[in-house]
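Report on the following structure.
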Amino acid sequence: MQLSPTPLNRLANSCLGVVPAVVGIAYAAQADHGVLRLAAGLVVIAFAVLAVRGYRLGVTCEHVRMTVRGYLRTRVIDRERISEITDFPAVRWTDRTGRKRWTPLLALRTSPGEFPAIRLHKERAVSRLRRWAQRGRS
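So this is what it looks like as structure tokens:
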């Protein structure tokens with residue numbers, strides 16, 4: 009099961025990296041020192057990666073594990089270790105050493121100014137995720 013935001017929301021998520029990358033490209037084009045161009049190029053690469061990761065935000069549920077793709081990291085969580093899907097939304101789980109963990113689901117987080125259809129899409133996705141996690145515990 010693949011849970012991801014709507015295409016419009018995915019584009020908005022990628023703007024966090026696209027906008028600074030475009031500014032970095034403009035700066036690199038007008039920079040007169042090689043070191044400044046190199047620094048701007050590295051910044052552009054970093055923000056381009058952030059833009060791609062923002063577009064790919066989401067949750068993939070397989071039979072025995074969940075993969076949560078965030079802006080900075082991808083986390084794989086065994087289904088049997090999940091204790092709860094919170095209202096934030098986030099996954100509460102326990103790692104192999106017994107430590108309690110919390111992983112936010114940024115792709116499914118709602119915002120006050122969102123369109124009702126997008127909010128409904130995300131709420132349904134969280135409900136589906138809760139049902140998937142419950143089936144793993146029973």
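Going by my numbering, the sequence shown opens with residue 9, and the numbers climb by one from there.
All C-beta atoms in this analysis are idealised placements derived from N, C-alpha and C, irrespective of residue type, glycine included.
- Query: Do the CB positions of Arg87 and Val72 come within less than 8 Å of each other?
  - Reply: Pairing Arg87 with Val72 gives a Cβ-Cβ distance under 8 Å.
- Message: Rounded to the nearest angstrom, what separates Met9 and Cys69 at their Cα positions?
- Response: Rounded to the nearest angstrom, the two C-alpha atoms are 5 Å apart.
- Task: Please classify Arg61: is it buried, with 16 or more other beta-carbons within 10 angstroms of its beta-carbon, or exposed?
- Result: Classified as buried, Arg61 has 16 or more neighbouring CB atoms from the shown chains inside 10 Å of its CB.
- Which of helix, strand or coil does DSSP assign to Ala20? Correct three-state label for Ala20: helix.
- Task: Pick out whichever of Val31, Thr102 and Arg117 has its Cα sitting closest to the Cα of Trp110.
- Result: Nearest in C-alpha terms to Trp110, of all of Val31, Thr102 and Arg117, is Thr102.
- Which class does Ser91 belong to by DSSP, given the choice of helix, strand or coil? Strand.
- Item | Assigned secondary structure, Leu80 (DSSP; H/G/I helix, E/B strand, else coil) | Under the three-state reduction of DSSP output, Leu80 falls in the coil class, being neither helix nor strand.
- Task: Mind reading off the beta-carbon distance from Gly66 to Leu11? Whole number of angstroms is fine, and I expect it under 8 Å.
- Result: Gly66 to Leu11, Cβ: 6 Å. Contact.
- Query: Nearest to Leu114 by CA position, among Arg104, Arg107, Pro124 and Asp95, is which residue?
  - Reply: Nearest option by C-alpha distance: Asp95.
- Task: Counting only the same chain and skipping the five closest in sequence on each side, list residues whose C-beta sits under 6 Å from that of Ala133.
- Result: Answer for Ala133: Leu11 and Leu116, listed in chain order.
- Would you mind sorting Gly42 into buried or exposed? The rule is 16 or more other CB atoms within 10 Å of its CB. That one is exposed.
- Query: With C-beta atoms as the reference, is Val52 less than 8 Å away from Ala37?
  - Reply: The criterion of a C-beta distance shorter than 8 Å is not satisfied by Val52 and Ala37.
- Item | Buried or exposed by the 16-neighbour rule on C-beta atoms within 10 Å, applied to Lys108 | Lys108 should be labelled exposed.
- Which of helix, strand or coil does DSSP assign to Gly106? Reduced to three states, the DSSP call for Gly106 is coil.
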